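In the order they appear, the protein sequences are chains A and B. Sequential numbering from 1429 applies to the first sequence in our numbering. Sequential numbering from 1429 applies to the second sequence in our numbering. Note that the Cβ used here is the ideal one computed from N, Cα and C, for glycine as well. The structure displayed is predicted, hence computed values, not measured ones.
Number of protein chains: 2
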Amino acid sequence: MKKIDEIDGVLLTPLKIIPVNKGNVFHAMKNSDPGFSGFAEAYFSLVNQGVIKGWKKHLEMTMNLVVIKGEIKFVAYDDREGSITINSFGAISLSRNNYFRLTIPPKLWVSFQGLAEENVLLNLANLTHEPDESVNLDLNAIEGIW
Amino acid sequence: MKKIDEIDGVLLTPLKIIPVNKGNVFHAMKNSDPGFSGFAEAYFSLVNQGVIKGWKKHLEMTMNLVVIKGEIKFVAYDDREGSITINSFGAISLSRNNYFRLTIPPKLWVSFQGLAEENVLLNLANLTHEPDESVNLDLNAIEGIW
């Protein structure tokens, strides 16, 4: 298992946390940031404790993912023909204590697990949700990961 | 005190919550939504319990605000010359149980209070943060609100 940003095209970008007495400010994304490829939709995905969402592969969407509450473990799987990291898996756990933006390009398989009691993920996407734009695979279709 | 969307230019837009067994999905904004005026930056602002942030007035930024955790009470004050709601105050409390996107146009004064134990606000802004683009006023400079 690689670190997730060793998978070709995946970016992990450290994000600033600005200390403020009345409540801290957590950066998420600027349109000049690495991994930004346009804004079409922002949505939150909750991940219940212990639960694993995935596998899902977006065909065109680039996801920019930020964990603002709890802790979420992400695993990516590369089966892209011609990729220099084909057949590799990469993982990372993100939280406020390991506060990075995770940029996932299209055509990678992704799954993620909620590790804390409450887990809140923000996706800043360059395409709006379309049911035909992604494909799903059973978690147990890929062995030895979860 | 008016409801906040009675202040001229302020929008309250109901947002969908998609029930999902593994963890619900909460819409925040699409680029085709009411109130969208371009994307430049997304950031989170925590508001500690009982604490009030403000007053702040953005001179150019439109804010699109979503409360994904806890409950936050917002108050807007209109001192815009020529506004049909000049000298009015408007308020709303937002949470997952009253799940709306709050669009605040530039030149309105805004303050907000964290009502729950943990309060997390997402701002989707059409400008990146610039210190000179906003002005501040002491909370007690406007009487009878907090």
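Residue 1501/A touches chain B at which residues, Cβ-Cβ below 7 Å?
Within the first sequence, numbered from 1, the residue matching residue 1501/A stands at position 73. For the C-beta of residue 1501/A, not a single chain B residue is nearer than 7 Å; the gap to the nearest is close to 14 Å.
Using 10 angstroms around the beta-carbon of residue 1488/B, count the other beta-carbons present and answer buried if the total reaches 16, otherwise exposed.
On the second sequence, position 60 is the one that residue 1488/B refers to. By the 10 Å Cβ count, residue 1488/B comes out exposed.
Helix, strand or coil at residue 1514/A according to DSSP, with G and I counted as helix:
For the purposes of this step, residue 1514/A is taken as residue 86 along the first sequence, with counting starting at 1. Residue state, collapsed to three classes: coil.
Selection from 1530/B, 1573/B, 1468/B, 1574/B that minimises the alpha carbon distance to residue 1462/B:
Residue 1462/B sits at position 34 when you count from the first residue of the second sequence. Comparing Cα positions, the closest option is 1530/B.
Please report the straight-line C-alpha distance between residue 1542/B and residue 1491/A, rounded to a whole angstrom.
Counting from one through the second sequence, the residue named residue 1542/B turns up at place 114. Counting from one through the first sequence, the residue named residue 1491/A turns up at place 63. Each residue's alpha carbon lies about 30 Å from the other.
Taking 9 Å as the CB-CB cut-off, is residue 1532/B touching chain A?
Mapped onto the second sequence, residue 1532/B falls at position 104. Residue 1532/B does not count as touching chain A.
Among 1544/A, 1460/A, 1538/A, which has the Cα closest to the Cα of residue 1569/A?
Taking the first residue of the first sequence as position 1, residue 1569/A is located at position 141. When each option's Cα is compared against that of residue 1569/A, the closest is 1538/A.
Which partner residues of residue 1553/B appear in the DSSP bridge assignment?
Position 125 of the second sequence, counted from the start, is the residue given in the question as residue 1553/B. Beta-bridge pairing links residue 1553/B to 1469/B, 1491/B.
Using a Cβ-Cβ cut-off of less than 7 Å, give me the residues of the segment 1474-1489 of chain B that come near chain A, in sequence order.
Within the segment 1474-1489 of chain B, the qualifying residues are 1474, 1475, 1476, 1479, 1481.
Pick helix, strand or coil for residue 1447/B, following the three-state DSSP scheme.
Your numbering for residue 1447/B matches position 19 in the second sequence. The answer is coil: DSSP assigns residue 1447/B none of H, G, I, E or B.
For chain A, find out if any of its Cβ atoms is closer than 9 Å to the Cβ of residue 1550/B; answer yes or no.
Position 122 of the second sequence holds residue 1550/B. At least one chain A Cβ lies under 9 Å of residue 1550/B.
Supposed close pair residue 1468/B, residue 1554/B - CB separation, criterion 8 Å:
Numbered from 1 along the second sequence, position 40 holds the residue referred to as residue 1468/B. Numbered from 1 along the second sequence, position 126 holds the residue referred to as residue 1554/B. Rounded to the nearest angstrom, the Cβ distance from residue 1468/B to residue 1554/B is 5 Å, consistent with a contact under 8 Å.
Smallest Cα separation from residue 1436/A: which of 1564/A, 1504/A, 1493/A?
Translated into the one-based positions of the first sequence, residue 1436/A becomes position 8. Of the listed residues, the one whose Cα sits closest to residue 1436/A is 1504/A.
How many whole angstroms separate the CB atoms of residue 1520/A and residue 1431/A, which I take to be in contact at a CB cut-off of 8 Å?
Locating residue 1520/A in the first sequence gives position 92, where the first residue counts as 1. Locating residue 1431/A in the first sequence gives position 3, where the first residue counts as 1. About 6 Å separates the two Cβ atoms, so the contact holds.
Pick from 1457/A, 1473/A, 1433/A, 1517/A: whose alpha carbon is nearest that of residue 1456/B?
As a working mapping, residue 1456/B is identified with position 28 in the second sequence. Of the candidates 1457/A, 1473/A, 1433/A, 1517/A, the one whose C-alpha sits nearest the C-alpha of residue 1456/B is 1473/A.
Would you mind working out which of 1536/B, 1523/B, 1478/B sits nearest residue 1510/B, comparing C-alpha positions?
Position 82 of the second sequence, counted from the start, is the residue given in the question as residue 1510/B. Cα-wise, what sits closest to residue 1510/B is 1536/B.
If residue 1500/A sits next to residue 1540/A, beta carbons under 8 Å apart, how far is it from one beta carbon to the other, in whole angstroms?
By one-based count along the first sequence, residue 1500/A stands at place 72. By one-based count along the first sequence, residue 1540/A stands at place 112. About 5 Å; that satisfies the 8 Å criterion.
Is residue 1462/A helix, strand or coil by DSSP?
Taking the first residue of the first sequence as 1, we reach residue 1462/A at position 34. In this structure, residue 1462/A counts as coil in the three-state DSSP scheme.
Name, please, each residue of chain E whose Cβ falls closer than 8 Å to the Cβ of residue 1459/A.
Here chain E cannot be found, since the structure's protein chains are A and B.
Leaving aside the five residues before and after residue 1479/A along the sequence, list all residues of the same chain whose C-beta is less than 6 Å from its C-beta, in chain order.
Numbered from 1 along the first sequence, position 51 holds the residue referred to as residue 1479/A. Closer than 6 Å at the Cβ level, and outside the excluded window around residue 1479/A, lie 1542.
Contact set between the segment 1431-1460 of chain A and chain B, restricted to residues whose Cβ is under 7 Å from the partner:
1450, 1451, 1452, 1453, 1454, 1455, 1456, 1457, 1458, 1459
Going straight from the alpha carbon of residue 1454/A to that of residue 1447/A, what length do you get?
Reading the first sequence from its first residue, position 26 is the one you call residue 1454/A. Reading the first sequence from its first residue, position 19 is the one you call residue 1447/A. One Cα belongs to residue 1454/A, the other to residue 1447/A, and the distance between them is close to 9 Å.
Taking residue 1470/B and residue 1552/B to be in contact with their CB atoms under 8 Å, please state how far apart those CB atoms are, rounded to whole angstroms.
By one-based count along the second sequence, residue 1470/B stands at place 42. By one-based count along the second sequence, residue 1552/B stands at place 124. Confirmed, about 5 Å.
For residue 1514/B, count the other beta carbons within 10 Å of its own beta carbon; 16 or more makes it buried, fewer makes it exposed. Which is it?
As a working mapping, residue 1514/B is identified with position 86 in the second sequence. With fewer than 16 other Cβ atoms within 10 Å, it is exposed.
Is the CB-CB distance between residue 1438/A and residue 1498/A below 9 Å?
Taking the first sequence and counting its residues from 1, the one referred to as residue 1438/A is at position 10. Taking the first sequence and counting its residues from 1, the one referred to as residue 1498/A is at position 70. Not in contact: residue 1438/A and residue 1498/A (Cβ atoms no closer than 9 Å).
Could you pull the DSSP bridge partners for residue 1563/B from this structure?
Reading the second sequence from its first residue, position 135 is the one you call residue 1563/B. Bridge partners of residue 1563/B: 1485/B.
Anything in chain B within Cβ reach of residue 1540/A, meaning under 9 Å, just list it in chain order.
Working through the first sequence from its first residue, we reach residue 1540/A at position 112. Neighbours of residue 1540/A on chain B: none; closest Cβ ~10 Å, over 9 Å.
Any idea which residues DSSP pairs residue 1520/A with across the strands?
Position 92 of the first sequence, counting from 1, holds the residue named residue 1520/A. Answer by DSSP bridge pairing, in chain order: 1502/A.
What first and last residue would you give for the beta strand (DSSP E) that runs through residue 1440/A?
For this step, residue 1440/A is matched to residue 12 along the first sequence. Segment 1439-1442, the beta strand (DSSP E) holding residue 1440/A.
Identify every residue that forms a DSSP beta bridge with residue 1474/B.
Counting from one through the second sequence, the residue named residue 1474/B turns up at place 46. Its beta-bridge partners are 1548/B.
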